[in-house]
Amino acid sequence: MTAVVGVAKEDRVGDRVRVRFAPSPTGQLHLGNARTALFNWLFARHAGGDFVLRIEDTDTARSTAESEVAILDDLRWLGLDWDEGPDVGGEFGPYRQSERAELYQREGARLLREGRAYPCYCSDEELDERREAARARGVEPHYDGRCRNLTDDERKAREAEGRSPVLRVRGPEHDVEIEDLVRGHVSFDRGMLGDFIILRSDGRPTYNFAVVVDDVLMKITHVIRAEDHLSNTLRQILLYEALGAQPPEFAHVSMVIASDGSKLSKRHGAASVGDTRRDGYLPAGVVNYLAMLGWSHPEAKEILSREEMAEAFELKRVSSHPAAFDEQKLMWVNGHHIREDDIGALLSNARPFVEAAGLDADDPRLESMVELVREGVERLVDLPTELRPLYDVEYDVEAEAADWLATPETAGLLTALADSLGGGGPEGGASGAALDEASFKAAIKAVGKERAVKGKELFMPVRAALTGRTHGPALGKIAEVLGLERVVARLRSAGAK
Ligand code: GLU
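Reading the sequence shown from the start, the letters are residues 493 to 989 in our numbering.
See below:
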């Protein structure tokens with residue numbers, strides 16, 4: 493299709509909401525940027541609109557292909573799927589700025605033709621000198637407009653000197669005001685800006701020009717981004733005007749900072765999506781927590797799925813105050829998702845952690861083992877410690893558990909229980925046989941009655957013998973997951989000491 497610049501609001505892709513997340517591939521996906529992506533995604537999904545992913549890689553020195561791959565991977569992991577982007581394509585591509593050079597050239601040429609932009613031949617040295625001189629006079633050092641009204645002959649003369657021009661667009665002639673959907677009324681003083689560069693002498697676009705050309709051509713209706721871009725908005729609005737396009741709605745969300753007010757870094761617990769992945773947070777927990785950093789549910793619900801958030805999401809419930817990252821709260825939210833989310837999603841996220849701990853992730857009991865211990869886990873890194881005693885591997889016996897196993901009554905009690913479970917021989921009970929919670933409980937009760945032991949004295953030695961611990965999930969459930977053979981073998985082994 494031929495993209496049309498300057499579409500009026502009513503000519504946009506129907507009334508369809510179109511938002512974009514526009515990361516620069518210069519490193520990890522920071523949690524602040526991930527939250528920007530999430531707010532865009534929630535906004536698009538709430539409105540039934542489009543979520544566009546655009547890679548802003550004009551800074552060739554700092555952009556890398558690895559970073560782009562990693563950012564896409566983190567977004568996928570978070571479950572923030574995009575409708576158009578560099579990998580999936582779309583009607584308004586390409587979706588990498590490095591592949592859109594022709595479009596910036598074309599739009600620059602049009603602005604030149606229409607007299608909205610002009611070639612400027614001033615050299616860096618000349619500009620520096622004039623800036624210094626302006627400062628010395630106590631004046632804002634804006635471009636002084638020297639090349640603004642050059643005649644054709646004057647231009648030719650400069651070109652004959654071997655000067656290659658930049659392209660400048662005319663600066664503001666009036667103050668600019670916006671109603672930001674998060675920050676409210678914002679006004680920009682025209683004195684803040686002179687005529688500014690949109691294409692460099694080598695033809696590359698400046699940052700703001702590329703962003704606006706893209707947002708216009710991609711028919712973006714709402715620009716939701718971090719507050720540190722508020723200062724770009726004046727230049728951008730002028731560029732919309734110059735291009736004859738309707739500016740989008742703007743929503744500048746506050747920054748994510750550390751609780752001490754500083755820039756968020758790894759020493760505050762986590763700073764990037766990669767950190768949260770490595771530390772064993774679930775994607776559902778991370779997106780839930782990130783949404784709460786600045787947004788609140790109308791009924792103050794805190795534990796929410798992506799779908800529930802998308803249904804309720806509105807920019808008017810996004811706070812304009814900076815949001816402080818709180819690792820404890822992230823853990824708390826994540827713990828809820830570990831306990832409550834679909835076991836399938838939990839298992840697929842858990843597998844790498846199970847494997848890294850040297851435990852068999854293909855054990856057919858994995859699902860029931862994870863079901864058993866998920867209650868007490870807030871991060872997946874802590875999962876293997878809880879799973880270990882359920883496997884046929886060595887595990888630590890806690891000091892307090894060892895004390896219970898060393899009491900004079902214990903050996904007799906454990907052996908009697910093993911016998912009552914039907915494990916006759918020293919090799920344990922029937923191989924692979926099931927043991928259900930109720931019959932295990934009944935067996936303990938019966939042995940307790942017979943030997944006149946109850947309460948802690950009865951249950952602690954059994955728990956210690958089965959898991960090496962004094963705390964954990966319900967004993968009957970542990971026995972069920974271990975199975976008759978392991979239970980009997982562990983009771984006998986502990987009873988023989
Ligand atoms: N590429 C910019 C960034 O990574 C985003 C620009 C925008 O959203 O307008 O911060």
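All C-beta atoms, glycine included, are put in the ideal place defined by N, C-alpha and C.
Where does residue i land, buried or exposed, given buried means 16+ other C-beta within 10 angstroms?
i	result
Leu983	buried
Glu621	exposed
Gly904	exposed
Ser555	buried
Ala529	buried
Ser923	Only weak support exists for where Ser923 lies, its pLDDT of 48 falling under 50; the coordinates are left without a value.
His435	The structure shown has nothing for residue 435, since the chain only spans 493 to 989.
Asp542	buried
Gly850	exposed
Gly921	Note that Gly921 has pLDDT 41, beneath the 50 cutoff, so the model's placement of it is unreliable and no number is given.
Ile835	exposed
Asp644	exposed
Lys941	exposed
Gly916	With a pLDDT of 44 at Gly916, under the threshold of 50, the predicted position of this residue should be treated as unreliable, and no value is reported.
Gly753	exposed
Thr713	buried
Asn641	exposed
Thr552	exposed
Arg592	buried
Glu548	buried
Met493	Legend: pLDDT at Met493 = 31, less than 50; position of this residue unreliable, value from coordinates given subsequently. Looking at its Cβ environment, which holds fewer than 16 other Cβ atoms inside 10 Å, Met493 is exposed.
Val509	buried
Thr698	buried
Gly777	buried
Gly498	Only weak support exists for where Gly498 lies, its pLDDT of 39 falling under 50; the coordinates are left without a value.
Leu976	buried
Glu972	buried
Thr725	buried
Glu901	exposed
Kindly identify the DSSP beta-bridge partner or partners of residue i.
i	result
Trp787	Val810
Tyr610	Arg660
Phe817	Ala750
Ser764	His522
Val544	Arg512, Glu576
His714	Val511, Glu741
Leu872	None, per the DSSP bridge assignment.
His666	BP columns for His666 are empty, so no partner.
Asp672	Gly676
Lys755	Ile749
Arg588	Ile547
Leu534	None; Leu534 has no bridge partner.
Ile689	Arg660
Pro697	Leu691
Check whether the Cβ of residue i lies closer than 8 angstroms to any Cβ atom in chain B.
i	result
Arg650	Chain labels in this structure do not include chain B; a single protein chain is all it has.
Under 7 angstroms: does the beta carbon of residue i sit that close to some heavy atom of the ligand GLU?
i	result
Ser555	no
Pro515	yes
Val715	yes
Val979	no
Met810	Reading the sequence as shown, one finds Val at residue 810 and not Met. Every heavy atom of the ligand GLU is 7 angstroms or more from the Cβ of Val810, so no.
Glu741	no
His721	yes
Val704	no
Glu548	yes
If residue i and residue j are in contact, beta carbons under 8 angstroms, what's the gap, nearest whole angstrom?
i	j	result
Glu892	Thr962	5 angstroms
Phe680	Ile690	Not a contact, Cβ separation roughly 18 angstroms.
Arg955	Leu967	6 angstroms
Leu897	Pro856	With 8 angstroms as the limit, Leu897 and Pro856 do not qualify as a contact, their Cβ atoms being about 29 angstroms apart.
Tyr610	Arg546	Contact flag wrong, Cβ pair sits at about 29 angstroms.
Glu599	Val705	5 angstroms
Val661	Leu730	7 angstroms
Ala734	Leu595	Not really, about 15 angstroms apart at Cβ, beyond 8 angstroms.
Leu657	Leu685	One point to set straight first is that residue 657 is Pro, not Leu, in the sequence displayed. Between Leu685 and Pro657 the Cβ distance is about 20 angstroms, and since that is not below 8 angstroms, they are no contact.
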